[in-house]
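Working notes, structure below.
Protein chains: 4
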Amino acid sequence: MIWEAPPYRWPHGHRAAACFSVDVDANSPYLWEQRAQMPGTLARIEHRAYGMRRGLARMVDMLDSLGIRGSFFVPGVVAEDNPSLLPGLVARGHEVALHGYFHELVGDITDAQFTEALERSLDLFETQTGERPRGFRSPAWEMTPHMLAELHRLNLWDSSLMGHDLPYTIGGVTEIPVRWDNDDAIFFKFLGAGDRPPRSPLEIGATWRHEAEAQIDDGGLFMLTVHDWISGRAARIAMLREIWQDLADNPDVWVATCGEIAAHHATQTALEVAPTLPRAVNERDSR
Amino acid sequence: MIWEAPPYRWPHGHRAAACFSVDVDANSPYLWEQRAQMPGTLARIEHRAYGMRRGLARMVDMLDSLGIRGSFFVPGVVAEDNPSLLPGLVARGHEVALHGYFHELVGDITDAQFTEALERSLDLFETQTGERPRGFRSPAWEMTPHMLAELHRLNLWDSSLMGHDLPYTIGGVTEIPVRWDNDDAIFFKFLGAGDRPPRSPLEIGATWRHEAEAQIDDGGLFMLTVHDWISGRAARIAMLREIWQDLADNPDVWVATCGEIAAHHATQTALEVAPTLPRAVNERDSR
Amino acid sequence: MIWEAPPYRWPHGHRAAACFSVDVDANSPYLWEQRAQMPGTLARIEHRAYGMRRGLARMVDMLDSLGIRGSFFVPGVVAEDNPSLLPGLVARGHEVALHGYFHELVGDITDAQFTEALERSLDLFETQTGERPRGFRSPAWEMTPHMLAELHRLNLWDSSLMGHDLPYTIGGVTEIPVRWDNDDAIFFKFLGAGDRPPRSPLEIGATWRHEAEAQIDDGGLFMLTVHDWISGRAARIAMLREIWQDLADNPDVWVATCGEIAAHHATQTALEVAPTLPRAVNERDSR
Amino acid sequence: MIWEAPPYRWPHGHRAAACFSVDVDANSPYLWEQRAQMPGTLARIEHRAYGMRRGLARMVDMLDSLGIRGSFFVPGVVAEDNPSLLPGLVARGHEVALHGYFHELVGDITDAQFTEALERSLDLFETQTGERPRGFRSPAWEMTPHMLAELHRLNLWDSSLMGHDLPYTIGGVTEIPVRWDNDDAIFFKFLGAGDRPPRSPLEIGATWRHEAEAQIDDGGLFMLTVHDWISGRAARIAMLREIWQDLADNPDVWVATCGEIAAHHATQTALEVAPTLPRAVNERDSR
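If you're matching them up, the sequences are chains V, G, P and B in order. Reminder that position 41 of the first sequence reads as 40 in numbering that gives the first Met the number 0, one-by-one numbering, no gaps. Reminder that position 83 of the second sequence reads as 82 in numbering that gives the first Met the number 0, one-by-one numbering, no gaps. Reminder that position 227 of the third sequence reads as 226 in numbering that gives the first Met the number 0, one-by-one numbering, no gaps. Reminder that position 172 of the fourth sequence reads as 171 in numbering that gives the first Met the number 0, one-by-one numbering, no gaps.
Have a look at this one:
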């Protein structure tokens, strides 16, 4: 139990920080789910294709018009299938970072496969952009001690965990924390019968605005995560524009990329934790 | 990755388009689900019968009073069991189009069965209305390359996919895109314990209005899809009337049928895509 | 397909009707679910006991203060275990009607068991109140041709089906229709992990008010159904009081019991339907 | 069937009571679920760690600034793993009470194991705080006759059941009732794909405020239950602060701990019930 927050300071006298992050999944989670053989049907393919056809460009235009640089997490296969994606983002000044090669879910792969996917993604990004990416976000936001050790070995920051409102350090890796509450997929993703109906952008916009305001009052980080084919729709972009216009105009808020936040983190006294699992109940002393 | 939207122009100087479409399913999805033998219970039958008894007539009255022509997608069996349905819609100036014969779900049937259902529906429509229908919408909005090839062969437009905000062309077929977000069933359908409780027409009406406004601002197509027995209820019609009154009064908006939009599409430079499935992960080159 | 609504007239120049109905289930659905042997745990028992301890009395007090007589559907076992329930309701001027003996679900019992439960309930009601009940509502709102034949034989009206906005006649039985949309359980019932979280009384109150207004505008029947242990909570009663105060004050609205509506129905030209199941797909002529 | 509420009086002329209760679960439900062996993944561990790292301290700061003493229910293992937790809460004037040792779910353990967990927790609390706790809340709010007998033997009040709006007595044990409707977990808990998306603090805050107002009007008890790692987030604390500021300022409301309410209960004529299960349907006399 920690009774006091870390004495964190944001740069340039800002009171809080905000980051617009995009998980550019496109069809990669579906490719992974159907990795043995693709079904012969087109509805999901067309639905997800929306991001690369229209959604992501609309999102980037919105950010550019607000002067906000976003952090775009791109699975290797999405960069491979869309070779103008990474160069186009970098040319517009945005940050690109790693998100698995095939959006591999952690529970489906071995430690060695994780490492291979990470290194293969690093190589692809360097080839396509001429620069080595500096950060990583785990597909579906799962994490293991092995993954953290690899991120540490490769000197990558991470943005996948929820253990604080402020950046922290886990296993020596800088963690820029995320929140399910500030993720678009859990509210808006709908792929057919059986899924939960999407929530209104009006409701979620009001909720995220409230969340951002509370984080600013509290001096924390407001990290938003959206997806190309989900939030690239016109009504959601209209909602996002309203929120981020206000954040960009707010002198209390440092709107920054994950990479900028990670670089700043090195100057702060922050929470440091070990990636240790609690002992299981059955391993504890009985009375 | 496409960085620019197609240079689409709507007719008569309109900035955007809107289409009121109705999937007149009546009891056909339940008939299909229970196609081997009908259960001996009446609750679902009576619930769904509401559309043909009252809901659809109220919906048509609403459209007629606003001077809006809708696009009604009718499974063959619904036309067969309700012989005054297609003639009554046509007499009132509305468009009727195909929606399977028994609302057959794509995953339940062979390619040959799809073709048979399509041709049988075409014949029934011609017999009942004296005209050949020009368009098709897939039950549950699934699609296959075979289906697109058949639609192309029969010179039918389609309205089942979600790959863009604007009409596009897929496998040579004109696609008038739909959206789950603008479908009434996912928000309002409730058939008994286990289903998700219906959302408020107040909330969904505000959401659809916001969606329509964003599409208009963006120059796209606002396609709404409702069902006879779901949105024919008085409170939902009251909500729909408010939205569509405003759309009908808005000089920026071209309120049109799918068929009118498909005819206009032939004059535009638009996105053209092939109905190709991405390669499966396991079929890609390993490193 | 019916293109015109029946020429229904409400009495005394009223434009529409409204009925406050209560399914006084108490613990009976749980007793039925666990009919072989009760689990040894108390949480659900205590939760459902709320209705007989406090909720129903608060609901009756609210109705009495508004001068509204409600229709209370009571399973036999609830009347048996709470012998002051039926006499207390009748003494306050409310209508009591049948709702199964053990809240038997239609799919769990034979035709003969349905008849036995119905007759046993009739006897119990006569014993406890001195009067024969005139109407029935099916547990979980399921129905069969046999049930309708039995209701017809015993000269009971029914209130379980959703085939119209107006009372209608099915198999010779007067049907006072219900709606899932106007049922409290689907929005508010929550019995533990795995259930859907309850909706806000603020939201549902606004939705029901909107629904009632639309039904009044349309000249139909606004039938609300609530449960003793669900809507007897203070915040829900506060919400219900606001809606029903306005309905009671509205000269356009005839606030009546199911029995009064059923009696009026005999004077009207209304929809009459047979309790016939549609032919199954596989029983229809192939092409 | 009880037609009248008990003649309950709150102290000092207050019209109603309100209690801010916290189930300090931290990672204990996950430890219990995975009691055989902990999975090797970190996402849930980090997510739940938020409470002990930041959430609970923010919550306590909020209560302290409003001058409200809360009732904190702490599983033994959480106190064991966070030795400054109980002393810190007691030092700030809050009440601490029992909540199982490993957050054992009632259905997973024997009567003897319940007793052992209860006594082991009592000992731990005495060791860490120097005082014997006076009350208990069951993990997941389940209850059995054995548990009530043990609470009675050890002279502990309980706060786990939903049988009334007012405190009552069951099996000789004072019951300070809870409500699912006023629990944060069912609205806000989200741990990954498959869970229901969290509701907005704006919506739930308005709902709880409405609930509190209705309970006050009715003279009952408004019991709120929150969790360290769920409602410790900034936006939820902002919402809670607004509600509880108003409750603290309202002269009609007695803001009290469970222990204070239990002590007051001894002075009142209240509902007394036996912890008796109803007879099963199959054990009842057939006709």
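Just so you know, even glycine gets a beta-carbon here, dropped at the ideal spot from N, CA and C.
Between the CA atoms of residue j and residue i - distance to the nearest angstrom
i                     : j                     : result
residue 121 (chain B) : residue 131 (chain B) : 7 angstroms
residue 238 (chain G) : residue 216 (chain G) : 22 angstroms
residue 85 (chain G)  : residue 247 (chain G) : 24 angstroms
residue 222 (chain V) : residue 11 (chain B)  : 47 angstroms
residue 160 (chain P) : residue 142 (chain P) : 8 angstroms
residue 208 (chain P) : residue 99 (chain B)  : 44 angstroms
residue 235 (chain P) : residue 180 (chain B) : 11 angstroms
residue 219 (chain G) : residue 171 (chain G) : 21 angstroms
residue 274 (chain V) : residue 250 (chain V) : 36 angstroms
residue 241 (chain P) : residue 1 (chain V)   : 47 angstroms
residue 133 (chain V) : residue 116 (chain V) : 16 angstroms
residue 103 (chain P) : residue 244 (chain V) : 58 angstroms
residue 119 (chain B) : residue 81 (chain P)  : 42 angstroms
residue 158 (chain P) : residue 70 (chain V)  : 58 angstroms
residue 192 (chain V) : residue 178 (chain P) : 23 angstroms
residue 105 (chain P) : residue 190 (chain G) : 16 angstroms
residue 28 (chain G)  : residue 194 (chain V) : 18 angstroms
residue 147 (chain V) : residue 108 (chain P) : 58 angstroms
residue 270 (chain P) : residue 3 (chain P)   : 11 angstroms
residue 75 (chain P)  : residue 166 (chain P) : 26 angstroms
Minimum Cβ-Cβ distance from residue i to chain G less than 7 angstroms
i                     : result
residue 242 (chain P) : no
residue 281 (chain P) : yes
residue 49 (chain V)  : yes
Check whether residue i and residue j have beta carbons under 7 angstroms apart
i                     : j                     : result
residue 225 (chain V) : residue 73 (chain V)  : no
residue 186 (chain G) : residue 196 (chain V) : yes
residue 268 (chain P) : residue 6 (chain P)   : yes
residue 48 (chain B)  : residue 162 (chain V) : yes
residue 155 (chain P) : residue 124 (chain P) : no
residue 214 (chain G) : residue 211 (chain V) : no
residue 23 (chain V)  : residue 227 (chain V) : yes
residue 112 (chain P) : residue 279 (chain B) : no
residue 9 (chain V)   : residue 253 (chain V) : yes
residue 229 (chain P) : residue 183 (chain P) : yes
residue 231 (chain B) : residue 58 (chain B)  : yes
residue 78 (chain V)  : residue 33 (chain V)  : no
6 angstroms CB neighbourhood of residue i in its chain, flanking five on each side removed
i                     : result
residue 68 (chain B)  : 92, 93 and 256
residue 110 (chain V) : 145
residue 26 (chain P)  : 47
residue 51 (chain P)  : 25 and 81
Close beta carbons around residue i, own chain, < 8 angstroms, minus the five adjacent residues each side
i                     : result
residue 198 (chain V) : 186 and 187
Residue i at chain B interface by Cβ criterion, 7 angstroms
i                     : result
residue 213 (chain V) : yes
residue 1 (chain V)   : yes
residue 94 (chain V)  : no
CB contact check: residue i to chain P, cutoff 7 angstroms
i                     : result
residue 185 (chain B) : yes
residue 274 (chain B) : yes
residue 160 (chain B) : yes
residue 126 (chain G) : no
residue 42 (chain G)  : yes
residue 140 (chain B) : yes
Contacts around residue i, its chain only, beta-carbon distance under 7 angstroms, and the 5 residues preceding and following it disregarded
i                     : result
residue 114 (chain P) : 149
Minimum Cβ-Cβ distance from residue i to chain V less than 7 angstroms
i                     : result
residue 199 (chain B) : yes
residue 210 (chain G) : yes
Below 8 angstroms, can you find three or more Cβ-Cβ pairs linking the region 261-271 of chain P to the region 7-21 of chain P?
-> Three or more pairs of CB atoms, one per stretch, sit closer than 8 angstroms, so the region 261-271 of chain P contacts the region 7-21 of chain P.
Could you tell me whether the region 268-284 of chain V touches the region 33-49 of chain G, where touching means 3 or more Cβ pairs closer than 8 angstroms?
-> Verdict: no, contact absent.
Is the region 91-111 of chain P in contact with the region 51-63 of chain P, if contact means three or more CB pairs nearer than 8 angstroms?
-> Proximity of the region 91-111 of chain P to the region 51-63 of chain P meets the contact definition, three or more beta-carbon pairs being nearer than 8 angstroms.
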